[in-house]
Each structure stands twice: as C-alpha cells, then as structure tokens.
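Just so you know, full-length UniProt numbering puts 126 at position 126 of the sequence shown, and the rest follows in order with no gaps. Beta carbons are placed, not taken as given, at the ideal position from N, Cα and C, and that holds for glycine. Here the structure comes first, spelled out in structure tokens, and everything after it is commentary.
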Amino acid sequence: MYIVGDVVWDKDRGRVGTVRDHRAGVLDLHGGTGSAWRAVARRCELVAPAASSRSEPLRQPPGTAPVTVSPLGVRTGDWVRLEDDRVYQVEDMRAYGPGGRVLHLRGRARPWVMTHGERQVYRPVEA
Numbered sequence: 001m002y003i004v005g006d007v008v009w010d011k012d013r014g015r016v017g018t019v020r021d022h023r024a025g026v027l028d029l030h031g032g033t034g035s036a037w038r039a040v041a042r043r044c045e046l047v048a049p050a051a052s053s054r055s056e057p058l059r060q061p062p063g064t065a066p067v068t069v070s071p072l073g074v075r076t077g078d079w080v081r082l083e084d085d086r087v088y089q090v091e092d093m094r095a096y097g098p099g100g101r102v103l104h105l106r107g108r109a110r111p112w113v114m115t116h117g118e119r120q121v122y123r124p125v126e127a
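Following this line, the structure appears as structure tokens:
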C-alpha cells in the first residue's frame, strides 16, 4: 500500500509520480512538470518513500490499547491512523462490499474506506 508523498513508477505510462491521494486501489499521481494522472496501484512500484514530517515518534491516543483487526472487527469508538499520520476516531460505519467498511471519522470531512486485510487500531480500554 502506498501513502501520500510516496514517489512511484507507473509501469503503464512509464512515468514517475508523487502520490497525492489514493482510493480503492487507484492512485492520484502528480509529475514534476505539474501533470496529473491516475494509475492502478498494483501496476506501480515504489521509487522513494514519503519523507516523514514528524520529529517525535507516533503515539497512541490516551486510554487506548493497540489491537489488530479486520475491517469487520472495527467498532464505533476505535481510533484509526491514516496515511497522513493523524489518528481519527470512528463515529459511524457502513458496509463496503464483502469484507470492507466505510468509516465516518471525527474531524475528517470525507469518509474513509478500510479495505480487506488487517490493520492496527487503538481501542478504548474498558475500566
């Protein structure tokens, strides 16, 4: 999986681009000349990872414990770290095909799709 800021090689176009956004296996890429295009993620190769803008290590929200879950195991109230390195709390969710979820996150305008596979979330610790 690629994150925003990764530099990738698009095998179909034979071009290098920087990832600006990605959804459902499609990358929005921008070239050095200002050109923009979309590419299928599985047809791209990583050239250089995104530069980290954080000076301190990533932290988990207070009162939570890390848990690895599938999209079907996510609960309302869990915290999810996205590709922008921010942590968002799950307010609501909907089904997204077999095995996926559309998550509505507090503080994020657009819903986010958690596709197949496992991901680490931060779950509130029960007292």
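With DSSP run on the structure shown, which of helix, strand or coil describes residue i?
i	result
G17	strand
P124	strand
V8	strand
Use the C-beta contact count for residue i: other C-beta atoms within 10 angstroms, 16 or more gives buried, fewer gives exposed.
i	result
A39	buried
D85	exposed
G117	exposed
D21	exposed
If you drop the 5 nearest sequence neighbours on each side, which residues of the same chain put their C-beta closer than 7 Å to that of residue i?
i	result
V125	G63, T64 and A65
R61	Contrary to the premise, residue 61 reads as Pro rather than Arg in this sequence. Within the same chain, P61 has close Cβ partners W79, V87 and Y122.
Over what stretch of residues does the beta strand (DSSP E) that includes residue i continue unbroken?
i	result
A65	T64 to V69
D92	V87 to A95
R81	W79 to R81
Per DSSP, residue i forms a beta bridge with which residues?
i	result
R38	D28
Please list, in chain order, all residues of the same chain as residue i whose beta carbon is under 6 Å from its beta carbon, the five residues on each side excluded.
i	result
W37	L29
With a threshold of 8 Å on Cβ separation, who are the neighbours of residue i within its own chain once the five nearest residues in sequence on each side are excluded?
i	result
R13	W37 and A39
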